[in-house]
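S.K.: Residue numbers (the numbering used here): 88 to 693. We treat Cβ as the ideally placed atom computed from N, Cα and C, and that holds for glycine. Pasting a structure below so you can have a look.
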């Protein structure tokens, strides 16, 4: 039996703080600090926390309330980071000399144009939020429009090269979401799990916020977001029992007269009672770039994906008789294959691996005698297992990742959402339940104290895998903060000492060593990675890196031999073959090594 007491007013002291208790009486250690007019409520879990806020009234009034109550978090969170993200990407890329011009052009031709096309109502909403949070309106626009601006930059660079790959831009995509849905009779009620893998490690996750919107005109809804972002357009559920999760795609076509994804999704949450109504609304809000809306209905058990890109759409319902559906960042519609950008090989391979893995996990649940539970979905979202039976992976072809900055499991029939707390990967931390309608409080959402918080991976943070992951995750954050390669290599070496069976850690160590002219260390790292990898095309890539390390040490004959083998390898990707052919003719130099673009999320060279 759960017991719960909540102290109103000031934040509770540790001695008097309310906690949830698990059914067996063991303290869950999750403490609720009540919401006030001055600031958000907080649920503090063993390894992190999540904030919650209720706002009501007009769109403008709700935005102002949200800004006022989250002001402190807004200035430290993801919005300022997003506002400067494009500039950071360009300065850290091999085309850094032109970064100023490209950033100016992107802002002038894309961000400014998108801003001009914003509905007047949304302009008022942003202005009200900026006033409440005491932050620049320009900063908010730069942050909110960054996703579409970034997609435009990658796609335009791709078209300029005349290639289906953004080879050499050096801008890791960092987006790789996963959705897992189970409906009756596979589960008691509809379950919709979702990982949000995105930019902003240690920004988005550190200031995770659950916002309950109670509009004067529209349906109540809850948005799982971060401080500084308004609306329910990315991860949300409304009082009609409709869930929404947005997935990003890289495409080669854009409509700068379209509508930003967050604005379209928020309109769905406020207006739609069903998937059909949601699709009708989304058709009235044409996309700027490529997205997929993954939706479910709690009261009917239906689920669907709605894939969109400028001039294209694909609506796919979960077929009758099927009880599960998994989705990653790979378009299903045949027409979309023509416009989807193959960013770079390892990114693509990992996306397809996640798509296959989530389906395998759902199939495994379907083979169980018991119906799927929230815990089962949470385990999928936190999955790091190697499907080939090798030791658990830290990153790469995993569902959980360093950039898993938000995780939820919706129970829409119960109007409940379980929210992952703490630093990425949030899916491996504590899940805290929230409800759209707290009993006896009318139109007011908050922690659902009728059920207990849980973690699907107890003790993970203290094990070798968890400790190594934390070092790697922190290195990802510091990489984007401009930390030196020398210091980053030290962190990766510590992670390797804890978890040497992760091949991608060896690749990262090798690439960092390469960039600081430590050819012998790089060679050793790549040789160790080759001992661990089994996938042929990935082995060819790492073989290329090994040849670079040999070239750097003056072992030209050995390097040319490896380049030649890779150039003839039928399993090698075209980009790998191109680089190998270049290496046969021109020695890989120290200057090239220092400028190798590096992707920390997939341990590759974009």
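Using a Cβ-Cβ cut-off of 6 angstroms (strictly less than) and excluding sequence neighbours within five positions of residue 420, which residues of its own chain qualify?
M.R.: Within the same chain, residue 420 has close Cβ partners 394, 401.
S.K.: Examine the Cβ distances between the stretch 287 to 300 and the stretch 496 to 515 and report whether three or more of them are shorter than 8 angstroms.
M.R.: These segments touch.
S.K.: Put residue 268 into one of helix, strand or coil per three-state DSSP.
M.R.: Residue 268 falls in the strand class under three-state DSSP.
S.K.: Here's the rule: buried if 16 or more other CB atoms are within 10 angstroms of the residue's CB, otherwise exposed. What is residue 515?
M.R.: The residue in question, residue 515, is buried, as its Cβ has 16 or more Cβ neighbours within 10 Å.
S.K.: Can the beta-carbon of residue 170 be found closer than 9 angstroms to that of residue 227?
M.R.: Yes, these two residues count as a Cβ contact at 9 angstroms.
S.K.: Answer with buried or exposed for residue 474, where buried requires no fewer than 16 other C-beta atoms within 10 angstroms of its C-beta.
M.R.: Residue 474 comes out exposed.
S.K.: If you follow the alpha helix (DSSP H) that residue 572 is part of, which residue opens it and which one closes it?
M.R.: Where residue 572 is concerned, the enclosing alpha helix (DSSP H) stretches over 572 to 585.
S.K.: Who are residue 284's beta bridge partners in DSSP?
M.R.: In DSSP, residue 284 forms a bridge with 491.
S.K.: When you compare the CB positions of residue 495 and residue 273, do they come within less than 9 angstroms of one another, or not?
M.R.: Contact: no.
S.K.: Between residue 238 and residue 375, is the Cβ-Cβ spacing less than 9 angstroms?
M.R.: Yes; because the gap between Cβ atoms is below 9 angstroms, this pair is in contact.
S.K.: Determine the direct distance from the alpha carbon of residue 449 to that of residue 557, and round the result to whole angstroms.
M.R.: Using only the alpha carbons, I get a separation of about 27 angstroms.
S.K.: Can you look up residue 418 in the DSSP assignment and give me helix, strand or coil?
M.R.: The answer is coil: DSSP assigns residue 418 none of H, G, I, E or B.
S.K.: Counting C-beta neighbours from all protein chains within 10 Å, is the total for residue 537 16 or more, i.e. buried, or is it exposed?
M.R.: With fewer than 16 other Cβ atoms within 10 Å, it is exposed.
S.K.: Based on the DSSP secondary-structure assignment, which residues constitute the bridge partners of residue 378?
M.R.: In the DSSP output, where bridge partners are listed per residue, residue 378 has 335, 395.
S.K.: Distance check for residue 151 and residue 656, CA to CA, integer angstroms please.
M.R.: Computed Cα separation, rounded: 59 angstroms.
S.K.: What is the DSSP secondary structure of residue 253, counted as helix, strand or coil?
M.R.: Unreliable placement is indicated for residue 253, whose pLDDT of 43 sits below 50; the coordinate value is still reported in the next sentence. Residue 253: coil per DSSP, three-state reduction.
S.K.: Can you tell me whether residue 111 is helix, strand or coil according to DSSP?
M.R.: The predicted position of residue 111 is uncertain, since its pLDDT is 42 and thus under 50; a value taken from the coordinates is nonetheless stated next. Coil at residue 111, not helix or strand.
S.K.: If you check the beta carbons only, do residue 439 and residue 691 fall under 9 angstroms apart?
M.R.: For residue 439 and residue 691, no; Cβs fall outside 9 angstroms.
S.K.: Which of the three DSSP states is assigned to residue 302 in this structure?
M.R.: If DSSP states are grouped into helix, strand and coil, residue 302 belongs with the strands.
S.K.: Under 8 angstroms, with one C-beta from each stretch per pair, do the stretch 138 to 152 and the stretch 201 to 215 reach the 3-pair mark?
M.R.: Touching, yes.
S.K.: In or out: residue 571 buried (at least 16 other Cβ within 10 Å) or exposed?
M.R.: Per the 10 Å Cβ criterion, exposed.
S.K.: Please name the residue or residues paired with residue 686 in a DSSP beta bridge.
M.R.: According to DSSP, residue 686 bridges with 691.
S.K.: Look at the alpha carbon of residue 284 and the alpha carbon of residue 491, and state the distance between them as a whole number of angstroms.
M.R.: Looking at the two C-alpha atoms, the distance is approximately 4 angstroms.
S.K.: Name the two residues that bound the continuous beta strand (DSSP E) containing residue 324.
M.R.: Taken as a continuous stretch (DSSP letters only), the beta strand (DSSP E) holding residue 324 covers 322 to 325.
S.K.: Give a yes or no on whether the C-beta atoms belonging to residue 201 and residue 343 are separated by under 9 angstroms.
M.R.: Yes, they are a contact pair.
S.K.: What do you reckon, are the CB atoms on residue 461 and residue 518 nearer than 9 angstroms?
M.R.: Contact flag set, yes.
S.K.: Near residue 446, what residues of its chain come up, given a Cβ to Cβ distance below 6 angstroms and the 5 sequence neighbours on each side ignored?
M.R.: Closer than 6 angstroms at the Cβ level, and outside the excluded window around residue 446, lie 413.
S.K.: Three or more C-beta pairs closer than 8 angstroms, one from the stretch 339 to 353 and one from the stretch 368 to 386: is that the case here?
M.R.: Yes: at least three Cβ pairs fall under 8 angstroms.
S.K.: I need the DSSP call for residue 681, collapsed to helix, strand or coil.
M.R.: Helix, per DSSP.
S.K.: Count the other C-beta atoms from every protein chain shown that fall within 10 angstroms of the C-beta of residue 424, then say buried if there are 16 or more, exposed otherwise.
M.R.: Burial call: exposed.
S.K.: If you draw a straight line from the C-alpha of residue 156 to the C-alpha of residue 680, how long is it?
M.R.: Distance between the alpha carbons of residue 156 and residue 680: 48 angstroms.
S.K.: Helix, strand or coil: which one does DSSP assign to residue 561?
M.R.: In the structure shown, residue 561 sits in a helix (DSSP, three-state: H, G or I).
S.K.: Taking the alpha carbon of residue 308 as the point to measure from, which residue in 539, 502, 594 has its own alpha carbon closest?
M.R.: Selected option, being the one with the closest Cα: 502.
S.K.: What does DSSP give as the partner residues of residue 313 in its beta bridges?
M.R.: Note: residue 313 sits in a beta bridge opposite 295.
S.K.: Might you give, ordered along the chain, the residues of its own chain that have their beta carbon closer than 6 angstroms to the beta carbon of residue 251, omitting 5 neighbours on each side?
M.R.: Low confidence applies to residue 251: its pLDDT is 47, below 50, so where it sits in the model is not reliable enough to give any reading.
S.K.: Looking at the structure shown, is residue 402 part of a helix, part of a strand, or coil, going by DSSP?
M.R.: Residue 402: strand per DSSP, three-state reduction.
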